[in-house]
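What follows is one structure encoded as structure tokens, with my remarks underneath.
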Amino acid sequence: MKEERMEILRMVAEKIISVEEGERLLRALEKGEEDARSRRFDHPGPRHKHHGDWDLGERLGEMGFRMQEFFDNAFGSMFGDEYWFEGYEAVKGPAEDIVLDEEATLVISNPRHMYRCGSGDIRISPSPDERLRLSPGERGTFEILRKDKKILILCKDDLSIQVPRKLARLKLVLAKGKTKIDGLASALEVRSMKGDISIRDASRPVTVRSMAGDVHLELGDSYAGKTEVSALHGDIEVTTGAGFSGRVDARTARGQIRVQAPGVKTTSLKNTFFRQEAAEIGSGDPQNLISLKTMNGDITVRSKEGKS
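The sequence shown begins at 305 in our numbering and counts up by one.
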């Protein structure tokens, strides 16, 4: 692991990754070493094997386990503190009576047990009358909780939601199911264990963390800010607005990177952990940064002009 540590330190020194990212990678590497030592002591049967004795399938299985473990350690837990919902109180009355203004945050979540016991697709779109409207599927149920300016919707099975355009922030913490978000002006954060994610016409910063599933993101013409997408298994596809000016930092451990835009300037790099491509679109405005990371999947970035 000495070479990996040196590689991380080199990337920090050359500003390929931030100091914070370097610290996370080093901690992940250290934890992986500790777990590997623990597994060696707990492994049944002969403790030592010659180099030629290892089965190829066993090697690949161990490699896959280590890669997933590395990703978990480096990028953190999938569920944040909102999952425990302390201090929330049940909302009485219809959802349409809830006021969501420029300071409000809406959190939508389905239970962890749905990862094994079922699936729930979530569709979110702007409300035509600026009211919160919920339409559950045939077997869908939901519960609404509130804490100050934060509204929490706990749902089971399919749910369609219409939200006010002026909502400040929307956050989804989902176990399993497809997610589709169209035409919202809110800042967005999505965490998903399993399921494809589609976001269209985003105009404010977007953060996505996905364990399994493809991510499709379309930025609106008025978009500005920093977007971050991290995935363990799945392709990432981003379409920028026609006049977008910004930078792209794309990294994949196993896959291809394609950046397609008129006049784009790219720089490629490959190291121990990632294949990396840095690109400038338009004038390369540093305030507009698109950061994309996947362990296993392709990354495609294209502008509307360059979209075939």
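The beta-carbon is built from N, C-alpha and C at its ideal position, and this holds for glycine as well.
C-alpha distance - residue i paired with residue j, whole-angstrom precision
i: S423; j: R562; result: 32 Å
i: G547; j: D525; result: 7 Å
i: D452; j: S429; result: 24 Å
i: S549; j: V395; result: 43 Å
i: L313; j: G326; result: 7 Å
i: P566; j: A399; result: 46 Å
i: G365; j: V605; result: Interpretation of G365 is limited by its pLDDT of 43, a score under 50 that renders its predicted location unreliable; no figure is taken from the coordinates.
i: R427; j: T483; result: 6 Å
i: E493; j: E532; result: 9 Å
i: P468; j: Q591; result: 27 Å
i: V552; j: S587; result: 12 Å
i: I485; j: G559; result: 26 Å
i: L573; j: S496; result: 29 Å
i: G517; j: S534; result: 11 Å
i: I603; j: L330; result: 25 Å
i: A332; j: L521; result: 29 Å
i: I465; j: K530; result: 25 Å
i: Y527; j: I585; result: 14 Å
Endpoints, the beta strand (DSSP E) within which residue i is located
i: S587; result: Unbroken run through S587: none, as it is neither H nor E.
i: Q560; result: Unbroken run through Q560: none, as it is neither H nor E.
i: V634; result: Absent from the structure is residue 634, since the part of the chain shown begins at 305 and ends at 612.
i: F446; result: 445-451
i: L638; result: Residue 638 lies beyond the range of the chain shown here (305 to 612); nothing can be said about it.
i: L410; result: 409-413
i: S607; result: 603-607
Chain-order list of residues whose beta-carbon lies under 8 Å from that of residue i (same chain, five-residue window excluded)
i: G444; result: G424, C459, K460, D461, D462, L463
i: E407; result: K453, A472
i: L404; result: L410, L436, I455, V467, P468, K470, L471
Simplified DSSP state of residue i, which is helix, strand or coil
i: D486; result: strand
i: L458; result: strand
i: E327; result: helix
i: A332; result: helix
i: L404; result: coil
i: L596; result: strand
i: L471; result: coil
Beta-carbon proximity list for residue i, same chain, < 6 Å, skipping 5 on both sides
i: G441; result: D461, D462
i: L360; result: With a pLDDT of only 42 at L360, under 50, the local geometry of the prediction cannot be trusted, and the value read off the model is given with reservation. If we look at L360 and ignore the five residues flanking it on each side, it has no Cβ neighbours.
i: A489; result: R469, S507
i: L523; result: A506, T544, G545
i: T571; result: A582
i: R579; result: T556
i: E631; result: Since the first and last residues shown for the chain are 305 and 612, residue 631 lies out of range.
Close Cβ partners of residue i (< 7 Å) along its chain, the five nearest in sequence each way excluded
i: Y392; result: L449, R450, K451, L456
i: V510; result: L492, I503, L521, T531
i: T598; result: A535, G538, I540, T556, G559
i: D589; result: S549, G550
* **beta strand (DSSP E) runs contained entirely in the stretch 506-573, provided each spans 3 or more residues** => 510-516, 519-523, 530-537, 540-544, 550-556, 561-564
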